[in-house]
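Protein sequence lines, in the order shown, are assigned to chains A and B. 1 is the number of the first residue of the first sequence in UniProt numbering; add one for each residue after it. 1 is the number of the first residue of the second sequence in UniProt numbering; add one for each residue after it. For glycine and all other residues, C-beta sits at the position ideal for the given N, C-alpha and C. As the structure is a prediction and not an experimental result, all values here were calculated from the model. Written out below as C-alpha cells is the structure these notes cover.
2 protein chains.
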Amino acid sequence: MFSKACEYGIKAAIYIAANSNEGKRVSLKGIAKHIDSPEAFTAKILQILARENIVTSVRGINGGFEIESHKLETIFLSDIVKAIDGDNIYKGCGIGLKDCNELHPCPIHDDFKKVRNSLRKLLETTHLKQLALNVHSGTSFLRV
Amino acid sequence: MFSKACEYGIKAAIYIAANSNEGKRVSLKGIAKHIDSPEAFTAKILQILARENIVTSVRGINGGFEIESHKLETIFLSDIVKAIDGDNIYKGCGIGLKDCNELHPCPIHDDFKKVRNSLRKLLETTHLKQLALNVHSGTSFLRV
DNA sequence: TTTAAACAGGATAAATTTATCCGAAATAAA
DNA sequence: TTTATTTCGGATAAATTTATCCTGTTTAAA
Chain A
1 MFSKACEYGI
11 KAAIYIAANS
21 NEGKRVSLKG
31 IAKHIDSPEA
41 FTAKILQILA
51 RENIVTSVRG
61 INGGFEIESH
71 KLETIFLSDI
81 VKAIDGDNIY
91 KGCGIGLKDC
101 NELHPCPIHD
111 DFKKVRNSLR
121 KLLETTHLKQ
131 LALNVHSGTS
141 FLRV
Chain B
1 MFSKACEYGI
11 KAAIYIAANS
21 NEGKRVSLKG
31 IAKHIDSPEA
41 FTAKILQILA
51 RENIVTSVRG
61 INGGFEIESH
71 KLETIFLSDI
81 VKAIDGDNIY
91 KGCGIGLKDC
101 NELHPCPIHD
111 DFKKVRNSLR
121 KLLETTHLKQ
131 LALNVHSGTS
141 FLRV
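See below:
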C-alpha cells in the first residue's frame with residue numbers, strides 16, 4: 001500500500017506527536033528505537049518531513065524532533081503520505097493508465113474510485129493528535 | 001497500489017479474457033502491444049499466470065494465450081493480484097506491523113480495516129468476464 | 001522432415017527503493 | 001572556548017523490482 005519509507009514516516013510522525021503533546025522533544029535515536037526502523041534511513045525521511053514543515057528539527061545537544069502543539073490537529077496523514085509517496089495512491093489509475101478518467105475509464109475505474117476515495121477521505125481526515133492520543137493511552141501501538 | 005508487474009498482469013488477463021470470450025487466442029506480442037507493456041517482462045508475468053492455472057499457454061505456431069471460457073466467470077481480480085503481488089495489500093497492516101490485530105492494533109488499524117476490506121471485497125467479487133465485456137463493448141479501455 | 005512461429009526459462013542488466021557511512025554544521029553545556 | 005551531542009546532507013552500497021537478451025523446446029504447416 002505505502003512504501004517502507006512512508007510507513008516509517010507515519011510511525012515516526014505519530015511517535016513525535018505523542019511526545020510533543022507532552023512537551024517532550026525526541027531524538028532520531030529514540031524515534032528509530034521506538035518505531036523499530038533503521039536509524040540512518042529514518043533520518044532521511046525525517047529530513048523530508050522537516051523540509052515540508054511537518055516536523056521541526058533542532059540540532060545540537062538536547063536537539064531532536066518535535067511538532068508544534070498547535071499543529072497537531074492540522075497535520076493529517078495525507079500530508080505525510082503526500083510528502084513521501086506523493087498522492088498517486090489515491091489519485092492515480094488502478095492499473096496505471098495515464099489517461100484514465102470518467103470519459104475514458106479503465107476497466108476497473110468505477111470500482112477503484114470508491115476504494116481510492118475512501119482511502120483519500122480517511123487520510124485527509126485523520127490528524128496526528130487523535131493518533132497520538134491513542135498511542136499515549138495505550139489503545140494502540142507503534143511496534144512489534 | 002499494485003506493482004507494475006501486477007498492473008500488467010491485470011491488463012493482460014482482461015485482454016486475454018476479452019478475446020477468449022470470442023474464441024480467439026492471442027499472442028504475447030499482440031498482448032504487449034494492446035496493453036502497452038514491455039514484451040519480455042510481460043512474458044514473465046504470463047508465465048506466472050499460466051503456472052497458477054489462470055491462463056492457458058499454447059506453444060508453437062498459432063500458439064498464444066487463452067482462458068477457458070467456462071473460467072471467465074470464476075477468475076476474480078483477487079486471483080490475479082494474489083498470484084503476482086500476494087495478498088498483503090488487503091490483509092497486512094497499513095504501517096507494516098507484523099503483529100497488528102484487533103487486540104493489538106496499530107494507530108490506524110480501524111480506519112484502514114475499512115479501506116482494506118472494501119478493496120478485498122472489490123477484488124474478490126469482480127471477475128474477468130464482466131471486465132472483458134466492458135472492454136469489448138467499448139465502455140472501458142486498456143491503454144493510453 | 002524441415003522450417004518458422006511461438007512460449008519457457010535462465011542469465012543478465014537497468015532502475016528504483018531501501019539502507020549505511022561519514023564528515024560537516026549547529027548547539028548547549030562544561 | 002572547548003567538547004560532546006545531535007541533525008544535515010552527500011556518497012555509496014545492498015536489495016528489490018523492472019526490463020532485456022538469448023537459447024531451448026514445442027508445435028503446426030509447408
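Membership of G30/B in the alpha helix (DSSP H) is indicated by the continuous run 28-35. For M1/A, the closest alpha carbon among the candidates V144/B, D87/B, A83/B, I80/B is that of D87/B. By the 16-neighbour rule on beta-carbons within 10 angstroms, P38/B is exposed.
Residue contact check for G96/A against chain B: a CB pair falls below 7 Å. It is roughly 7 Å from the alpha-carbon of H104/A to the alpha-carbon of F141/B. For F141/A, the three-state secondary structure derived from DSSP is coil.
According to DSSP, residue pairing for F76/A in a beta bridge involves H127/A. Taking a beta-carbon distance threshold of 7 Å, I80/A does not count as an interface residue toward chain B. Collapsing the DSSP output to three states places E7/A in a helix. Within chain A, no residue has its CB atom less than 7 Å from the CB of T42/B, the nearest being about 13 Å off. For E7/A, the residues of chain B that pass the 7 Å Cβ criterion are I95, G96, in the order they occur in the chain.
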